[in-house]
Ligand SMILES: *Cc1c(COP(=O)(O)O)cnc(C)c1O
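Pasting the structure below:
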């Protein structure tokens, strides 16, 4: 599957710098000394797209998570307020110098702080904050469409207080209203009337974006942009001609102009550049200071005629200094940020034990992964299938307790590109670890996480027909596999309504990459189970036949999990989804196939303490064990919090020490368990016990533990390892970390030897 690995917001990032320069143009009027109308066009028409653009970016990236419970809005607003506060302080000296604060009343102060900004470009910050608060407030009561309608209404009110004021002023009632409003703020171009619509427009523009840049969307949106921009120019000049403008920030055609512009920028196939974003922010923040600086310098050296009165040179001088300082500030902050990040990373790594001076296999308990066994199992499963059938391993539940990242990377090295997970977070974890291929989410993803599917290029299962409708309504571009319910009655669209499956193909924002079903009785081979499984298989193919005959392509079909591959390899289709078998075990004991697989995982722990019980003495919680004779017991440093099932103590469980069996006694604790080691000579603290795996010639298989605990291995394995490090042994490839770390077999297994 060819998908873009990087989000293509480079167009937006470039335009941020352009927009910042346009704002400088507004404040310096470059063409004023040459041609009045040309200057009007540049600063009052063209440059008016700059600020709405910034609002749209905020809408697109911040407010898109408006309806998601875990959004970061609070954090963003807080940061925006900080930035505003910082800018206010930065410009206090200049404001004092310029006389902005002379005769300042409390009302005037509030008006400055909330609407007009404390320095002339700073109105952007309160507008953005107020606009966002308004949209967030509305989102508590109504949906996006309603918020949009209200924003349009507010924009219209703003319009008649701005470019169209001349019309409103002729109607006495309106004039009274507007004049009352202008006691509270100087312009309607503010957080109440101007910002909300562009913030909301940003959400819409971002939603219909599909990341994969396409020249097909670029040209038409450029043409549309040019058309609306011409219309806006005509609108502006007409309003100016009739002298209707009180201020000139808001036009009717500005709205479609911005939408089309944003769509153009989204379809520019360039990778994002954070440095451009930071530079643009600094240019925006600092340029008024340079206007003052240049004026001062010009006065000092008697260069006013050249540097200030020639508006074009003035503009270029301000732009040059602003861009230069922008670049310098970006370099400084990025270095600062890098240093911050490296300390943050260090702590994160330390937590994950990467940089702690703990060598692998020297801890109190751990999981060993035999990656050679994984390779064997992959080859074994592939040998049962035709060459063109691909494995799409189930690495859900942290790869059944084995560690999703290490297992997926190893499978990647073995040529496997497709993976199944259970949920979004598992998919994101793999993407962050650099797994590139197709990642199919087998389970339910709530609608407010749909944007994550797109952001991390995860493929979603269509879990039923109502869910397909949810996906369609979201408008998010998503790749999907459709699950077909052929009798398990868990997930999937019912096989008896193939037209509902066909309907998913018609949903414009969904790309159907595959169709699959899950066989619910393929682990059993009684005639009854066989008949049922075969009925599931034929129901599935009836659906695909229906789709094909109606002209819907059926790519990537899959039906088989582990037992399916073992018992029904003829139903392999395009992909198979092995889970448990890949890890070298089967769900329950007694299947002869189990001998053809090699277990990947072992669990080991060290003896913490050895002590002797006198007859009649009890051990563990609730006096769960009482010694009948003199008994030597060992305390093992592993417990149910590590995934050792607590039931093991009550069903004759045992572990291996020095190749001999040590029965589990008493109740298993959270972090410890007790063993009877009376029959094993020489047990000493630090010795290694095997809970799952081999010790000398003896082996405890996960299947045995599952049987003792009355469950299946899948449950035992998937609960392991929340607290245990995984140590690869028998690597199939040399990774850089393998070169750095000592090989596990070089280490002393127990300190005493
Ligand atoms: C978990 C899962 C698998 C893998 O099952 P195993 O029995 O472990 O091979 C395959 N398909 C679906 C839909 C699953 O949920």
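In the working numbering, the protein residues as written are -9 to 743.
Built from N, CA and C at the ideal position, the CB exists for glycine as well.
Residue 43 in three-state terms, based on DSSP: Along the chain shown, read from residue 1 onward, the residue named residue 43 stands at position 53. Correct three-state label for residue 43: helix.
field: Alpha-carbon to alpha-carbon, residue 554 and residue 732
entry: For this step, residue 732 is matched to residue 742 along the chain shown. For this step, residue 554 is matched to residue 564 along the chain shown. Its pLDDT being 36, under 50, residue 732 is placed unreliably by the model, and nothing is read from it.
- prompt: Going along the chain, which unbroken runs of the beta strand (DSSP E) with 3 or more residues stay wholly within the segment 234 to 280?
  reply: none
query: Nearest-angstrom Cα distance between residue 703 and residue 692?
result: For the purposes of this step, residue 703 is taken as the residue at position 713 of the chain shown. For the purposes of this step, residue 692 is taken as the residue at position 702 of the chain shown. Approximately 6 Å, taken between the alpha carbons.
Backbone CA spacing between residue 233 and residue 219 [nearest angstrom]: Position 243 of the chain shown, counted from the start, is the residue given in the question as residue 233. Position 229 of the chain shown, counted from the start, is the residue given in the question as residue 219. Looking at the two C-alpha atoms, the distance is approximately 21 Å.
Proximal residues to residue 574 (C-beta, below 7 Å), its chain only, five neighbours per side dropped: Sequence index remark: in the chain shown, residue 574 carries index 584 (1-based). Excluding residues within five positions, the ones whose Cβ falls inside 7 Å are 363, 367, 587, 588, 589, 590.
message: Looking at residue 652: is its Cβ nearer than 8 Å to the Cβ of residue 624?
response: Taking the chain shown and counting its residues from 1, the one referred to as residue 652 is at position 662. Taking the chain shown and counting its residues from 1, the one referred to as residue 624 is at position 634. A contact, by the Cβ cut-off of 8 Å.
query: Rounded to a whole number of angstroms, what is the C-alpha to C-alpha distance between residue 11 and residue 251?
result: Taking the chain shown and counting its residues from 1, the one referred to as residue 11 is at position 21. Taking the chain shown and counting its residues from 1, the one referred to as residue 251 is at position 261. Straight-line Cα distance between these residues: approximately 17 Å.
query: Between the beta-carbon of residue 628 and the beta-carbon of residue 647, is there less than 8 Å?
result: Against the chain shown, residue 628 aligns to sequence position 638. Against the chain shown, residue 647 aligns to sequence position 657. No; because the gap between Cβ atoms is not below 8 Å, this pair is not in contact.
query: How many Å lie between residue 152 and residue 230 at the Cα?
result: As a working mapping, residue 152 is identified with position 162 in the chain shown. As a working mapping, residue 230 is identified with position 240 in the chain shown. So the alpha carbons of these two residues sit roughly 12 Å apart.
- prompt: How many whole angstroms separate the CB atoms of residue 429 and residue 449, which I take to be in contact at a CB cut-off of 8 Å?
  reply: The residue labelled residue 429 in the question sits at position 439 within the chain shown. The residue labelled residue 449 in the question sits at position 459 within the chain shown. Indeed, because the Cβ distance is near 6 Å, the residues count as touching under 8 Å.
message: Beta-carbon within less than 7 Å of residue 3's beta-carbon, same chain only, minus the 5 sequence neighbours each way: which residues are those?
response: Position 13 of the chain shown, counted from the first residue, corresponds to residue 3. Same-chain partners within the cutoff: 262, 263, 266, 267.
- request: Ignore the nearest five residues each way along the sequence and tell me which others in residue 437's own chain have a CB closer than 7 Å to its CB.
  value: Numbered from 1 along the chain shown, position 447 holds the residue referred to as residue 437. Counting only Cβ-Cβ distances below 7 Å, and skipping sequence neighbours, we find 460, 464.
field: Of the residues 552, 530, 550, 556, the one placed nearest residue 544, counting alpha carbons only
entry: Within the chain shown, numbered from 1, the residue matching residue 544 stands at position 554. That would be 530, whose Cα lies nearest to the Cα of residue 544.
task: Excluding the 5 residues preceding and the 5 following residue 417 in the sequence, name in chain order all residues of the same chain whose CB lies nearer than 7 Å to its CB.
output: Against the chain shown, residue 417 aligns to sequence position 427. 411, 429, 431, 446, 448, listed in sequence order.
- request: Look at the alpha carbon of residue 76 and the alpha carbon of residue 282, and state the distance between them as a whole number of angstroms.
  value: Position 86 of the chain shown holds residue 76. Position 292 of the chain shown holds residue 282. In a straight line, the C-alpha of residue 76 is about 19 Å away from that of residue 282.
message: Using the Cβ count rule (16 or more neighbours within 10 Å means buried), how would you classify residue 48?
response: On the chain shown, residue 48 is found 58 positions in, with the first residue counted as 1. It counts as buried.
- prompt: Can you give the Cα-Cα distance for residue 715 and residue 406, rounded to whole angstroms?
  reply: In the chain shown, residue 715 corresponds to position 725, counting from 1. In the chain shown, residue 406 corresponds to position 416, counting from 1. Straight-line Cα distance between these residues: approximately 24 Å.
- prompt: CB-CB under 8 Å to residue 63, same chain, minus the five flanking residues each way: which ones, in chain order?
  reply: Residue 63 sits at position 73 when you count from the first residue of the chain shown. The answer, listed in chain order, is 52, 53, 55, 56, 122, 126.
task: Could you spell out where the alpha helix (DSSP H) holding residue 395 opens and where it closes?
output: Taking the chain shown and counting its residues from 1, the one referred to as residue 395 is at position 405. It spans 394 to 403 - the alpha helix (DSSP H) in which residue 395 sits, taken as one unbroken run.
- request: Entirely within the segment 457 to 493 and at least 3 residues each: give me those beta strand (DSSP E) ranges in chain order.
  value: 468 to 475
- prompt: From which residue to which residue does the alpha helix (DSSP H) around residue 57 run?
  reply: Here residue 57 corresponds to residue number 67 of the chain shown, with the count starting at 1. Note, residue 57: premise wrong, no alpha helix (DSSP H); not H, not E.
message: Does the distance between the C-beta of residue 275 and the nearest non-hydrogen atom of ligand 1 fall short of 7 Å?
response: As a position in the chain shown, residue 275 is number 285, starting the count at 1. For ligand 1, not one heavy atom lies less than 7 Å from the Cβ of residue 275.
message: I'd like the list of long-range same chain contacts for residue 592, defined as Cβ closer than 6 Å, with 5 residues on each side in sequence excluded.
response: For the purposes of this step, residue 592 is taken as residue 602 along the chain shown, with counting starting at 1. Contacts found: 358, 682, 683.
- prompt: Between the C-alpha atoms of residue 611 and residue 353, what's the straight-line distance to the nearest angstrom?
  reply: Working through the chain shown from its first residue, we reach residue 611 at position 621. Working through the chain shown from its first residue, we reach residue 353 at position 363. Using only the alpha carbons, I get a separation of about 25 Å.
task: Identify which residue in 640, 659, 626 has its Cα closest to the Cα of residue 665.
output: Numbered from 1 along the chain shown, position 675 holds the residue referred to as residue 665. That would be 626, whose Cα lies nearest to the Cα of residue 665.
field: residue 380 - DSSP class collapsed to helix/strand/coil
entry: Your numbering for residue 380 matches position 390 in the chain shown. Here residue 380 sits in strand by DSSP.
query: Relative to the C-alpha of residue 579, which residue among 699, 466, 502 is closest?
result: By 1-based counting over the chain shown, the position of residue 579 is 589. Selected option, being the one with the closest Cα: 699.
Residue interval of the alpha helix (DSSP H) (run including residue 410): If you number the chain shown from 1, residue 410 lands on position 420. Premise fails: residue 410 lies in the beta strand (DSSP E), 409 to 411, not in any alpha helix (DSSP H).
query: Do you know how far the Cα of residue 600 is from the Cα of residue 398?
result: Here residue 398 corresponds to residue number 408 of the chain shown, with the count starting at 1. Here residue 600 corresponds to residue number 610 of the chain shown, with the count starting at 1. Roughly 40 Å separates the two Cα atoms.
query: Of the residues 31, 633, 546, which one's Cα is nearest the Cα of residue 226?
result: On the chain shown, residue 226 is found 236 positions in, with the first residue counted as 1. Answer by Cα proximity: 31.
query: Who are the near neighbours of residue 174 in its chain, counting only those whose CB is closer than 8 Å to its CB and skipping five residues on each side?
result: The count along the chain shown starts at 1 and reaches residue 174 at position 184. Closer than 8 Å at the Cβ level, and outside the excluded window around residue 174, lie 101, 105.
- request: Within its chain, find whatever has a CB closer than 6 Å to the CB of residue 642; leave out the 5 residues flanking it on each side and keep chain order.
  value: Residue 642 sits at position 652 when you count from the first residue of the chain shown. Excluding positions up to five away in sequence, the list is empty.
- prompt: Looking at C-alpha atoms only, which residue of 679, 44, 504, 640 is the closest neighbour of residue 185?
  reply: Counting from one through the chain shown, the residue named residue 185 turns up at place 195. Closest by alpha carbon: 44.
- prompt: Per DSSP, residue 683 forms a beta bridge with which residues?
  reply: Numbered from 1 along the chain shown, position 693 holds the residue referred to as residue 683. Paired residue(s): 690.
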